[in-house]
Amino acid sequence: MTEPMTPGEARLQAMAAPEGDIAAATHTLVVGPYLGRAAAAALRGQAGSTPEMLRSSEARLDEAAGLAAAIELDVVEAIVAPVQRIRPSTYLGKGRVEELAGVIRARDIGLVVMDCALSPVQQRNLEKAFGCKVIDRTGLILEIFGRRASTREGTLQVEHAHLAYQKSRLVRSWTHLERQRGGFGFLGGPGETQIEADRRMIQERMTKIERELDSVTRTRGLHRQSRARVPYPIVALVGYTNAGKSTLFNTLTKAQVMAQDMLFATLDPTARATKLPHGETVILSDTVGFISELPTSLIAAFRATLEDVIHADILLHVRDVSHVDSEAQAEDVGSVLRELGIETSASRIIEVWNKADLLDEGDRTRLLNLSGQGRSDRDSDAPVLVSAVTGEGLGVLTARIEARIARQRSTFAVILPPEDGAALHWLYENAEVLDRREEEGGTMHLAIRIAPEKEPRFLNRFEGARRLNRVG
Numbered sequence: 000m001t002e003p004m005t006p007g008e009a010r011l012q013a014m015a016a017p018e019g020d021i022a023a024a025t026h027t028l029v030v031g032p033y034l035g036r037a038a039a040a041a042l043r044g045q046a047g048s049t050p051e052m053l054r055s056s057e058a059r060l061d062e063a064a065g066l067a068a069a070i071e072l073d074v075v076e077a078i079v080a081p082v083q084r085i086r087p088s089t090y091l092g093k094g095r096v097e098e099l100a101g102v103i104r105a106r107d108i109g110l111v112v113m114d115c116a117l118s119p120v121q122q123r124n125l126e127k128a129f130g131c132k133v134i135d136r137t138g139l140i141l142e143i144f145g146r147r148a149s150t151r152e153g154t155l156q157v158e159h160a161h162l163a164y165q166k167s168r169l170v171r172s173w174t175h176l177e178r179q180r181g182g183f184g185f186l187g188g189p190g191e192t193q194i195e196a197d198r199r200m201i202q203e204r205m206t207k208i209e210r211e212l213d214s215v216t217r218t219r220g221l222h223r224q225s226r227a228r229v230p231y232p233i234v235a236l237v238g239y240t241n242a243g244k245s246t247l248f249n250t251l252t253k254a255q256v257m258a259q260d261m262l263f264a265t266l267d268p269t270a271r272a273t274k275l276p277h278g279e280t281v282i283l284s285d286t287v288g289f290i291s292e293l294p295t296s297l298i299a300a301f302r303a304t305l306e307d308v309i310h311a312d313i314l315l316h317v318r319d320v321s322h323v324d325s326e327a328q329a330e331d332v333g334s335v336l337r338e339l340g341i342e343t344s345a346s347r348i349i350e351v352w353n354k355a356d357l358l359d360e361g362d363r364t365r366l367l368n369l370s371g372q373g374r375s376d377r378d379s380d381a382p383v384l385v386s387a388v389t390g391e392g393l394g395v396l397t398a399r400i401e402a403r404i405a406r407q408r409s410t411f412a413v414i415l416p417p418e419d420g421a422a423l424h425w426l427y428e429n430a431e432v433l434d435r436r437e438e439e440g441g442t443m444h445l446a447i448r449i450a451p452e453k454e455p456r457f458l459n460r461f462e463g464a465r466r467l468n469r470v471g
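Take the sequence shown: its position 26, counting from 1, is numbered 25 in numbering that gives the first Met the number 0, and each next residue is one higher.
Now the structure itself:
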C-alpha cells in the first residue's frame, strides 16, 4: 500500500520536474552546440569515433527538434552552433551567446533547448544572457518521460530520475539561502542552509521511492514466477525510439498500443501472449526506445520496466533502415544494452530491418541481398527485412523466431499405445509435436520438442523416450 505524502514530500514532488512545467506551444528555439570531430575525439581522449560523431549535425538537430515536438513545443527555429571548445561558464562562446540572444528577442522565444548536457552554472548563466528559460537534452527527455508515464511504476521512476537530476541543480531553485536556527532556545547553534535541507529532503524522498519500486519489482517477480509455472518464451522488442517497435508489436499481437511517428511514443512496457504460425505461444514485450547521448542513469531508472528484456529468451532489435543514421542508432542501442549488463550475443538477438516500405527499389534489393532473405535457411542469424505497416517479411520473421526458440530445446521420439489418450494430451499441452504417425494397430510414433524447464517432468513421465538431438 502506498504511504501518504507529507507536506514536504508534496513540495518535493512539485519540484520533481527539472525546470517546472513547460507549457505546450511555447515558442521554442532548438540549439545544436556540436563539437567538431577533432574536438570531440580530444575531449574523450580517443581518436576513434562514437555514435554521435558518426551523425551529421543536421540529423542530430532534427532529432532534437523532434524531441521538442514530442511534447508539443512550438519549434520556431533550429540552429546548429558549432563549438570548438566548451566554455565552463556558458558552454558556448561569448559571440555565439550574443548572436543567439538577438534571435531570441527577434523571434519572441520563451524556451531554448540546448541539445547537450549543461552544468547548473552553464544553465543559469545562459538563462541570464537569453532572458528566458533554458533546458538541456537531459531535462527535455525527463519532461517527455514525465508526460508519457501512465502507470504508477512509471510515474515513480520518472519522479526518481527527476529528483536525482534536480538534486545537483538546487542552486537554481532557491535564492533564500539564509541560515535556519538550530538547537533549542537562545543557545542553538547555526542550523543547515535551506539548500542543504532541500537536498536532504530530496534524498529522503528518493529513498522512499526506491522502497516502493522494490515492492513493484517483487510483485513483478511473483508474476514472473506464476508465468514460469506455465512457461512461455519471452520475445522482447528493443530498438531506437521511433524505429517502429510498437507498430510491429501491434501487427504481431493485434494489440492497440500507442504507435505514432513520434519520439518516445511508448514509455511504459506492454506484454501480450501471441501464437506463432506453428502453434508456439510466446510472450511479446514492447519496451521504451533508446536514444543517442541518453545518460545511462535515466535508462537505469527504468530498469524494472526492462526486466522482460533482461530475462528474454530472444531480443528483436528493431531498426529503421530507411533512416540515414540507422548504423549509428544501432550502435547506440547496443551500447545502452551493454551498459545495463544485458547479454547481446548473436544467438540471442534477431536484427529486424524495419520500414522496408519507405525504401526505394535499389535499397530494397541491396538489403534483401545482405540479409540473404531469399535463402531457405530459416535458422539463419542474418537480419530480416520487414515492413510492420504492410506486413512484408513478417512470415520470415516469425519463422526465424520459431527456429531460434527451437535451438534452445531438445527433440525426442516417443511411442504411445493407442489407449493412452492422457499422455497424448499432455504432450500437446506441454510440448511442440513436430511429427505424428500411426501404425495399423493404432500405436503412435511422435517427434516432439520441449522446453528445458519441462524436460525433467517429461523424462519422468516418458521413460522410454529417445533423444533425437541435444541443445547447443
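Beta carbons: idealized from backbone N, C-alpha and C, even for Gly.
Only a predicted model underlies this, so the values are computations on that prediction, with no experimental measurement involved.
Is residue i helix, strand or coil when you go by DSSP?
i, result
"S344", "coil"
"L236", "strand"
"K354", "coil"
"L176", "Here L176 scores only 39 on pLDDT, less than 50, and its place in the model should not be relied on; the value that follows carries that caveat. L176 falls in the coil class under three-state DSSP."
"Y90", "strand"
"V82", "strand"
"E18", "Because the pLDDT at E18 is just 48, under 50, the model does not fix this residue reliably, and the point stays unresolved."
"I404", "helix"
"D331", "helix"
"A100", "helix"
"A450", "coil"
"T389", "coil"
"F183", "Residue placement at F183 is poorly supported in this model, since its pLDDT is 38, which falls under 50; the coordinates still yield a value, given next. In this structure, F183 counts as coil in the three-state DSSP scheme."
"A381", "coil"
"F289", "strand"
"D319", "strand"
"A421", "helix"
"I108", "coil"
"S55", "coil"
"D324", "coil"
"E126", "helix"
Assuming residue i contacts residue j (C-beta within less than 8 angstroms), just tell me the rounded distance between them.
i, j, result
"I400", "V234", "6 angstroms"
"G243", "D319", "6 angstroms"
"R465", "R408", "16 angstroms between Cβ atoms; not a contact."
"S386", "K354", "6 angstroms"
"V351", "L315", "5 angstroms"
"E76", "V102", "7 angstroms"
"I290", "I341", "That pair is no contact at about 17 angstroms."
"L162", "T250", "That belief does not hold up - the Cβ atoms of L162 and T250 are roughly 38 angstroms apart, past 8 angstroms."
"G463", "I414", "7 angstroms"
"A63", "D324", "Not confirmed; about 13 angstroms, so no contact."
"L28", "D114", "That belief does not hold up - the Cβ atoms of L28 and D114 are roughly 11 angstroms apart, past 8 angstroms."
Suppose the cutoff is 8 angstroms on Cβ atoms and the five residues either side in sequence are ignored; what does the same chain contact list for residue i look like?
i, result
"V215", "R151, E152, L155 and A303"
"A80", "V30, G31, P32, Y33, L91, R95 and L99"
"A345", "D380"
"T25", "L72, D73, G109 and L110"
"V432", "L426, L445, A446 and I447"
"R456", "N429"
"S370", "W352, A381, P382, V383 and L384"
"S56", "G31, Y33, V79 and P81"
Below 7 angstroms CB to CB, which residues in the same chain sit around residue i once its five sequence neighbours on both sides are set aside?
i, result
"L467", "T410, F411, A412 and A446"
"V388", "T246 and D356"
"R435", "M443 and L445"
"G184", "Low per-residue confidence applies at G184: pLDDT is 39, beneath 50, and the placement is therefore not dependable, though the value from the model is reported in the following sentence. Nothing listed; no residue qualifies."
"A272", "Y231, T280 and I282"
"R472", "As displayed, the chain neither begins before 0 nor continues past 471, which places residue 472 out of reach and without an answer."
"A405", "R448"
8 angstroms is my cut-off, CB to CB: does residue i come that close to chain D?
i, result
"L384", "Protein chains in the displayed structure number just one, and chain D is not present."
Tell me which residues share the same chain as residue i and place their Cβ nearer than 6 angstroms to its Cβ, disregarding the 5 neighbours each side in the sequence.
i, result
"R460", "none"
"R146", "I70"
"N124", "S88 and T89"
"L336", "T343"
Check the DSSP bridge columns for residue i and list the partner residues they point to.
i, result
"M113", "V30 and D135"
"L314", "A235 and I348"
"E76", "L28"
"H161", "None; H161 has no bridge partner."
"F411", "I447 and R466"
"D434", "A446"
"I282", "I233 and A272"
Next on the checklist: Within 8 angstroms, do at least three Cβ pairs link the stretch 61 to 71 to the stretch 91 to 105?
Outcome noted: no
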